[in-house]
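*Asks:* Here the sequence shown is numbered in numbering that gives the first Met the number 0, starting from 0 and rising by one per residue.
From the three backbone atoms N, C-alpha and C, an ideal C-beta is built for every residue, glycine too.
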Amino acid sequence: MDNRTMVLERQFNATPEVVWAALSDPNVLPTWWGPDGFSCKTKVIDLREGGQWRFDMIAPDGTVFANRHRFTVYDKPRRIVYLLDDDGQGERSKTAEITLMPQDGGTALRLCMRFATAEDLRAAKTYNAVELGYQTLGKLAAYLEAHGQETTPCATPDGTVE
0 MDNRTMVLER QFNATPEVVW AALSDPNVLP TWWGPDGFSC KTKVIDLREG
50 GQWRFDMIAP DGTVFANRHR FTVYDKPRRI VYLLDDDGQG ERSKTAEITL
100 MPQDGGTALR LCMRFATAED LRAAKTYNAV ELGYQTLGKL AAYLEAHGQE
150 TTPCATPDGT VE
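(1) Which residues mark the beginning and the end of the beta strand (DSSP E) in which ASP86 is found?
(2) Roughly how many angstroms separate the alpha carbons of VAL160 and ALA21, rounded to a whole number?
(3) What's the gap between the Cα of PRO34 and the Cα of LYS138?
(4) What first and last residue would you give for the alpha helix (DSSP H) that runs through ARG121?
(5) By the 10 Å Cβ neighbour count, where 16 or more other Cβ atoms means buried, how is ASN2 classified, buried or exposed?
(6) Please identify the residue among ARG77, ARG9, TRP19, ASP86 whose C-alpha is closest to the C-alpha of ASP55.
(7) So what's LEU143 in DSSP terms, helix, strand or just coil?
(8) SER92 to TYR73, Cα distance in whole Å?
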């Protein structure tokens, strides 16, 4: 790992297809995304290669953080790559890659975020980005535990099921 990359890993007791559904369903993703106590207010959500998700992340104290994910790879059920920024308000984009791998009857998820500079990564660590990222993965685990068996492939805009 270099001085610009942050890596988070977590094992889930669900198949890659079930984890993928929680990551790719526009009705589900905003319900669990973000650290403990944070919520999402979606502006635009188009979860596919070439699509984007624009949303406000709202902190427990009401502070609003604009976010934009621009998806460059959507390889079901293995990999999602996106550019992450503050929706054009000045922050440099980071590249994020989520990889899902079958492991021990479940799924190993790996999230790699590559920052523009080593200083950008150091700055992210000052606001506890690693801990907040693991909280987000914890919320995904809780969602899967509560709803995993109910999670089904989502419908595409034309009504077909992926």
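*Replies:* On the basis of the data shown:
(1) No beta strand (DSSP E) contains ASP86, which DSSP labels as neither H nor E.
(2) Because the pLDDT at VAL160 is just 36, under 50, the model does not fix this residue reliably, and the point stays unresolved.
(3) 8 Å
(4) Counting along the chain, the alpha helix (DSSP H) containing ARG121 begins and ends at 117-125.
(5) exposed
(6) Checking every option, the nearest Cα to that of ASP55 belongs to ASP86.
(7) DSSP places LEU143 in helix when its eight states are reduced to three.
(8) 18 Å
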